[in-house]
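In my numbering, the protein residues as written are 1 to 115.
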């Protein structure tokens, strides 16, 4: 019989992981669960984040379909639209490198469209 250093109860040896452990399995599991739960932050998205995500999905869909439509002017228009629609999502997420990439796509295809 040994005494657990967490719950201060006398417990048989098999309730400990090994001979050197001073915390019983039950207390050790509780401590581990508490630490893991403290690392996870569960939160709801704000309305701005929700709209930005949906616009981003739409922009991604346009980005995927545009190469197949590219020889025609509609492909250029969908690329421009894709670049503009995916901007709110990356701005809200503060991914500034992707903001520049999307602006570059929109500006480049706008110039190509008007040539």
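The C-beta atom is built at its ideal place from N, Cα and C for all residues, glycine as well.
Compute the Euclidean distance between the alpha carbons of residue i and residue j, then round it to the nearest angstrom.
i: residue 83; j: residue 63; result: 8 Å
i: residue 107; j: residue 88; result: 16 Å
i: residue 115; j: residue 92; result: 33 Å
i: residue 52; j: residue 45; result: 10 Å
i: residue 103; j: residue 109; result: 10 Å
i: residue 27; j: residue 40; result: 20 Å
i: residue 49; j: residue 12; result: 53 Å
i: residue 96; j: residue 1; result: 60 Å
i: residue 69; j: residue 30; result: 57 Å
i: residue 60; j: residue 72; result: 20 Å
i: residue 127; j: residue 34; result: No information on residue 127 is available, as it lies outside the stretch 1 to 115 that the chain covers here.
Drop a sphere of 10 angstroms on the beta-carbon of residue i, count the other beta-carbons inside from all chains shown, and report buried for 16 or more, exposed for fewer.
i: residue 7; result: exposed
i: residue 100; result: exposed
i: residue 57; result: exposed
i: residue 38; result: exposed
i: residue 112; result: exposed
i: residue 74; result: exposed
i: residue 85; result: buried
Residue range of the alpha helix (DSSP H) that residue i falls in?
i: residue 73; result: 73 to 85
i: residue 93; result: Here residue 93 belongs to no alpha helix (DSSP H), and DSSP marks it neither H nor E.
Name the one or two DSSP bridge partners that residue i has.
i: residue 3; result: 10
Check whether the Cβ of residue i lies closer than 6 Å to any heavy atom of the ligand GTP, and answer yes or no.
i: residue 4; result: No copy of the ligand GTP appears in this structure; indeed no ligand is present at all.
Could you name each continuous alpha helix (DSSP H) segment of 4 residues or more that falls completely within the stretch 45 to 69, going from the start of the chain to the end?
-> 47 to 69
Go through the stretch 13 to 37 residue by residue and report every complete run of the alpha helix (DSSP H) that reaches 4 residues or more, in order.
-> none
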